[in-house]
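Data first, discussion second: the structure below is written as structure tokens.
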């Protein structure tokens, strides 16, 4: 592997890892703060990709308005979903959470099949981002992939800022450690949870929307990303956004280079990584609480 | 239920199952055979979820591994001997369960759910991506194993009616085995771990090894159902290991009712019948192709309104009626 190829693979690894982080951060936040294991989280990623596909004609293919509309829809959708289904799960055990969210996956997948069909679709890269950067003499790297990484990094920074530095973040963290206490201090915890859930949905939808131009839009993409995100969350430690960030990058690197170096076993490298981490630190790299 | 009814019910059910092939043939016989295999699969998971309190979301891996082992271990053009093939496939499933259990039991609760799912997905990718088991297409079994002693074939597994009885016998054996196991010291220890693991450890039980034994045993029993399904269909593909299967078997348990062996069997039947019903074009017309939507809705509703499952339904109804009566008295 020459240097230019290596560089390209590194950039791919980081881009994939950062994208995983967007999905996994929502998963880990929802679990860490509300104690709900949400299998349907991968579906939000799928919904995001399909939104990018079906909203694009509405806005004449303009990228930013599509993205904005998708995010607004995602927040509304997440808010309603929490109110209608997820809010019943806080008092239930993990098994029931697993089953109800499994039921939601079936419903989402089937609704997707009814509304958009089962075909594989492609979403064009927005025109003004479609160029590429020359790396060495033979290699070029698409600008859009760099933009994805940039957006993910910006979101990660924003997330860190909101959680660690703002009043809202403080209430969210407090709500995660003691629900009753926060409630008795006069904070509307139900509303807070709804906001957190909607934010988690929006993160996954955002990931799906910006990933749509580089990966095709296909049925089953949600389940695939969900399981990889579980690996990320297990490695990073549940509830830890920082852990999810590092673990997502690690998984991105291992998966990308696994595909290049050991194409025969590419599908299983990240699971072997997870097994190794479990042997070393069963609670993940950064466990909170 | 009176004591006599409690004693008579299993006998009546067993007799009804034994007499069933005398009355029907074709589709319903095949269907019931398949559902009984699913019931064995569900029973194996009940040992983990219901009896030990370990929610595994990767149980299809052991089912699928044994099914693949059945085909991969069979010679290409001659029949394998049933009496070594069956234990061999169960051992294959048990070995993977032992490895996964040893790693995943280091974690708890929601971690355990995610880790078991991830390792099942790993097994899925092994069969999906490598040419070992024919890749995404799966592989076919050319010759069904022969139940033979010293060259004499005793039972012909190719005959649907005979195969029904073989599966039925396995189901009865597994049910009885688990019923005895759960009453034994080992089973009591598992129940203790479910309700309070810390206390069991304080009482001197090496709880990790108990859980690992249960996990491995559950894997081997899931392997039995995988073997039965592979011999029945003569075909396997990676979808047998997919996480949809793992979710479905967990659903059977909650549909039937957790914590009772009969709940697992009831749940397998309820699940298969629901699936069949939602795919029924006479009732749903063209919508039948979207049966997953109805199934998903049913799952959500049953979790919301029927947390104890079908087997807990009478008790739930009684509680509801007495609550209503109490309210009427107060008013």
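Chains as they are written, first to last, in the numbering used here: chain A, 1 to 289; chain B, 290 to 620. Ideal Cβ placement from N, Cα and C applies to all residues, glycine included.
*asked:* One question on the structure: do residue 382 of chain B and residue 515 of chain B come within less than 8 Å of each other, judged by their Cβ atoms?
replied: Yes, the pair counts as a contact, with Cβ atoms nearer than the cut-off.
_When you compare the CB positions of residue 525 of chain B and residue 428 of chain B, do they come within less than 8 Å of one another, or not?_
yes
*At a CB-CB cut-off below 8 Å, which residues of chain A make contact with residue 566 of chain B?*
Among the residues of chain A, none has a CB under 8 Å from the CB of residue 566 of chain B; the nearest is roughly 15 Å distant.
_If distances are taken between C-alpha atoms only, which option among A:222, A:230, A:32 and A:286 comes closest to residue 409 of chain B?_
A:230
*asked:* For residue 41 of chain A and residue 555 of chain B, I'd like the C-alpha separation in whole angstroms.
replied: Taking the straight line joining both Cα atoms gives about 30 Å.
*Looking at the structure shown, is residue 385 of chain B part of a helix, part of a strand, or coil, going by DSSP?*
helix
*asked:* If you follow the alpha helix (DSSP H) that residue 66 of chain A is in, where does it begin and where does it stop?
replied: 63-84
*Which residues does DSSP pair with residue 121 of chain A in a beta bridge?*
A:217
*Taking all protein chains shown into account, decide if residue 619 of chain B is buried (16 or more other Cβ within 10 angstroms of its Cβ) or exposed.*
That one is exposed.
*8 Å Cβ cutoff met for residue 558 of chain B and residue 324 of chain B*: yes
*asked:* Between which residues of its own chain and residue 507 of chain B is the CB-CB distance below 6 Å, once the five residues before and five after are set aside?
replied: Same-chain partners within the cutoff: 333, 336 and 337.
*Would you verify that the beta carbon of residue 609 of chain B is, or is not, closer than 8 Å to some beta carbon of chain A?*
no
_Proximal chain A residues relative to residue 543 of chain B, where beta-carbon distance stays under 8 Å_ = Within chain A, the residues 95, 96 and 99 have their CB atoms less than 8 Å from the CB of residue 543 of chain B, given in chain order.
*residue 540 of chain B CB to nearest chain A CB: under 8 Å?*
yes
*Would you identify the three-state DSSP class for residue 328 of chain B, choosing helix, strand or coil?*
Shown here, residue 328 of chain B sits in a helix according to DSSP, grouped into three states.
*Would residue 244 of chain A pass as a contact of residue 28 of chain A if the rule is Cβ separation under 8 Å?*
yes
*Ends of the alpha helix (DSSP H) at residue 37 of chain A?*
Neither: residue 37 of chain A is in no alpha helix (DSSP H) and is coded neither H nor E.
*Give the range of the beta strand (DSSP E) segment to which residue 442 of chain B is assigned.*
441-444
_Could you give the first and the last residue of the continuous alpha helix (DSSP H) run that contains residue 550 of chain B?_
Counting along the chain, residue 550 of chain B sits inside the alpha helix (DSSP H) bounded by residues 550-567.
*Answer with yes or no whether the minimum CB distance from residue 399 of chain B to chain A is below 8 Å.*
For residue 399 of chain B, the answer is yes, since a Cβ of chain A falls inside 8 Å of its Cβ.
*residue 294 of chain B to residue 463 of chain B, Cα distance in whole Å?*
The alpha-carbon separation between residue 294 of chain B and residue 463 of chain B amounts to approximately 23 Å.
*Which partner residues of residue 134 of chain A appear in the DSSP bridge assignment?*
A:140
*Throw me the rounded Cβ distance for the residue 98 of chain A and residue 402 of chain B pair, which I believe falls under 8 Å.*
For a cut-off of 8 Å, the C-beta gap from residue 98 of chain A to residue 402 of chain B is around 6 Å, short enough to register as a contact.
*Beta-carbon of residue 443 of chain B versus every beta-carbon of chain A: anything under 8 Å?*
no
*Beta-carbon of residue 42 of chain A versus every beta-carbon of chain B: anything under 8 Å?*
no
*DSSP on residue 454 of chain B, reduced to helix/strand/coil?*
If DSSP states are grouped into helix, strand and coil, residue 454 of chain B belongs with the helices.
*Does DSSP classify residue 305 of chain B as helix, strand or coil?*
In this structure, residue 305 of chain B counts as helix in the three-state DSSP scheme.
*Do we get a CB-CB distance below 8 Å when we pair residue 103 of chain A with the residues of chain B?*
yes
*Could you spell out the range, first to last residue, of the beta strand (DSSP E) harbouring residue 520 of chain B?*
For residue 520 of chain B, there is no enclosing beta strand (DSSP E); the residue is part of the alpha helix (DSSP H) that begins and ends at 496-522.
*Does any residue of chain B bring its CB to less than 8 Å from the CB of residue 278 of chain A?*
yes
*Which of the three DSSP states, helix, strand or coil, is assigned to residue 178 of chain A?*
coil
*Sequence-distant residues of its chain with Cβ nearer than 6 Å to residue 193 of chain A (five each side left out)*: 34
*Cβ atoms of residue 32 of chain A and residue 238 of chain A: under 8 Å apart, would you say?*
yes
*Taking Cβ to Cβ, would you say residue 191 of chain A is nearer than 8 Å to residue 78 of chain A?*
no
*Cβ of residue 411 of chain B less than 8 Å from any chain A Cβ?*
yes
*Throw me the rounded Cβ distance for the residue 341 of chain B and residue 362 of chain B pair, which I believe falls under 8 Å.*
In this structure residue 341 of chain B does not touch residue 362 of chain B by the C-beta definition: roughly 30 Å separates them, more than the 8 Å allowed.
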